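Enquirer: Structure below; questions to follow.
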Amino acid sequence: MSSLGTRFEAISIEGLSHRFLSRNKPPTTALADVSVRFPSGKVTSIVGPSGCGKSTLLLIMRGLVKATDGQVRFLYGNGSGDVTVGDAPRMATVWQAFNLLPWRTVMDNVAFGLELSGMPTAERRAKAADAIRAVELSGFENHYPGQLSGGMKQRVGLARGLVMSPDVLFLDEPFGALDAQTRLYLQEQLSTLVESSGKTVVLVTHSIEEAIFLGDHVIVMTARPGRVAATLDVPLPRPRTLDMQKEPAFGDLFTEIYGLLREEVRKSMLN
Ligand SMILES: Nc1ncnc2c1ncn2[C@@H]1O[C@H](COP(=O)(O)OP(=O)(O)O)[C@@H](O)[C@H]1O
Ligand SMILES: [Mg+2]
12 MSSLGTRFEA ISIEGLSHRF LSRNKPPTTA LADVSVRFPS GKVTSIVGPS GCGKSTLLLI
72 MRGLVKATDG QVRFLYGNGS GDVTVGDAPR MATVWQAFNL LPWRTVMDNV AFGLELSGMP
132 TAERRAKAAD AIRAVELSGF ENHYPGQLSG GMKQRVGLAR GLVMSPDVLF LDEPFGALDA
192 QTRLYLQEQL STLVESSGKT VVLVTHSIEE AIFLGDHVIV MTARPGRVAA TLDVPLPRPR
252 TLDMQKEPAF GDLFTEIYGL LREEVRKSML N
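So this is what it looks like as structure tokens:
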């Protein structure tokens, strides 16, 4: 719902719990009573030990997994304080594994979602070309995934999300598999991109630096079953620059987040 006078304001997660049932194993409680809000136009980073339910939370928000308990609500406002619950805004996800189709070119991989939605060829190619330009891959439209480096594949993945013009972009450890330099470069590109587009972004990452550098807020989760340990604001101005990592505010926040995560990571290694 985005009828006249209403504007998407936030995704509100309320009392969300999820238990995976398996045939031969005891059930896994992935999330326990998670309540959190993702405000529109902001980047919210999520950090937490491996296996604490971060990807599950994204799947639930995308409607791909139905939570055992609790609610995902999409909130809309009319500018004068009234909030209503409405349908999901346009959403896209960039998953960690790039999931590119090896037999399709960069152009056809990026245009795939639009093709599925039935958009005519000329229109979807124009939109895909814009997205390819946004991730600085112009000139590689006719390459196949096998001809690209890891960083380039990841950018194709990002373009595939952007091309859908989502209101909300979910990124699940988008740079996890890349070398440190490529990762830094893509973090800079992504920060420019989100700053110029004003999109709502939910970024799952295992890098505390990345969570701070890209985020307006950082949600720290506990070891499984994942709960919210803290939601912290990032007190850095935009546009972000890499040298902000040297500022005391950055270091203080890093220390605070690491302090919260340290014990959780230790626990997650035991279970
Ligand atoms: N389809 C599934 N069936 C059973 N267990 C699952 C399934 N998906 C995830 N899990 C389990 O749920 C927990 C949370 O997984 P996940 O959300 O992928 O964690 P994260 O993304 O934080 O690493 C893990 O213990 C994982 O093994
Ligand atoms: Mg995950």
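Its first residue numbered 12, the sequence shown is counted upward by one per residue in my numbering. In this text, a Cβ means the ideal position worked out from N, Cα and C, and glycines have one as well. Predicted, not measured: the structure shown is a model, and the values here were computed from it.
Give me the Cα-Cα distance between I24 and L247, rounded to the nearest whole angstrom.
Expert: Taking the straight line from one Cα to the other gives about 26 angstroms.
Enquirer: Leaving aside the five residues before and after Y269 along the sequence, list all residues of the same chain whose C-beta is less than 8 angstroms from its C-beta, in chain order.
Expert: Result list for Y269: I219, in chain order.
Enquirer: Can we count K278 as close to ligand 1, meaning its CB is less than 6 angstroms from some heavy atom?
Expert: K278: no, Cβ never under 6 angstroms from ligand 1.
Enquirer: Thinking just about the alpha-carbon of each residue, which of M255, I223, T203 and R251 is nearest to the one in E267?
Expert: Closest option to E267, Cα to Cα, is I223.
Enquirer: Who are L27's beta bridge partners in DSSP?
Expert: Note: L27 sits in a beta bridge opposite V45.
Enquirer: Could you please give me the residues that DSSP links to V276 through a beta bridge?
Expert: Partner(s): none; V276 has no beta bridge.
Enquirer: Tell me which residues share the same chain as A145 and place their Cβ nearer than 8 angstroms to its Cβ, disregarding the 5 neighbours each side in the sequence.
Expert: Around A145: A170, L173 and L204.
Enquirer: Measuring alpha carbon to alpha carbon, tell me which of Q192, V231 and F181 ends up nearest L69.
Expert: It is F181 whose Cα lies nearest to the Cα of L69.
Enquirer: State the start and end residues of the unbroken alpha helix (DSSP H) segment that holds Y196.
Expert: Its alpha helix (DSSP H) spans residues A191 to S208.
Enquirer: Quick check on the burial criterion: 16 or more other C-beta atoms within 10 angstroms. Buried or exposed for E274?
Expert: It counts as exposed.
Enquirer: Taking A222 as part of the alpha helix (DSSP H), name the residues at either end of that continuous run.
Expert: Taken as a continuous stretch (DSSP letters only), the alpha helix (DSSP H) holding A222 covers I219 to L225.
Enquirer: Count the other C-beta atoms from every protein chain shown that fall within 10 angstroms of the C-beta of V45, then say buried if there are 16 or more, exposed otherwise.
Expert: Answer is buried; the Cβ neighbour count reaches 16.
Enquirer: Please classify G262: is it buried, with 16 or more other beta-carbons within 10 angstroms of its beta-carbon, or exposed?
Expert: With fewer than 16 other Cβ atoms within 10 Å, it is exposed.
Enquirer: Compare the C-alpha of T242 against each of F31, P50 and E20 and name the closest.
Expert: That would be P50, whose Cα lies nearest to the Cα of T242.
Enquirer: Among L195, V229, A133 and R251, which has the Cα closest to the Cα of S207?
Expert: Of the candidates L195, V229, A133 and R251, the one whose C-alpha sits nearest the C-alpha of S207 is R251.
Enquirer: Can you find a heavy atom of ligand 1 that lies under 6 angstroms from the Cβ of K164?
Expert: The answer is no for K164.
Enquirer: Starting from D80 and walking both ways along the beta strand (DSSP E), at which residues does that stretch end?
Expert: Per DSSP, D80 belongs to the beta strand (DSSP E) from D80 to G88.
Enquirer: Where does the unbroken alpha helix (DSSP H) through T242 begin, and where does it stop?
Expert: Taken as a continuous stretch (DSSP letters only), T242 belongs to no alpha helix (DSSP H), being part of the beta strand (DSSP E) at V239 to D244.
Enquirer: Given a threshold of 16 other Cβ atoms within 10 Å of its Cβ, counted over all protein chains shown, does L271 qualify as buried or as exposed?
Expert: Buried, since its Cβ has 16 or more Cβ neighbours within 10 Å.
Enquirer: Which residues in the same chain as Y53 place their Cβ atom closer than 7 angstroms to its Cβ, once the five residues preceding and following it in sequence are excluded?
Expert: The question names Tyr, yet the displayed sequence has Lys at residue 53. Excluding positions up to five away in sequence, the list reads T211, D227 and H228.
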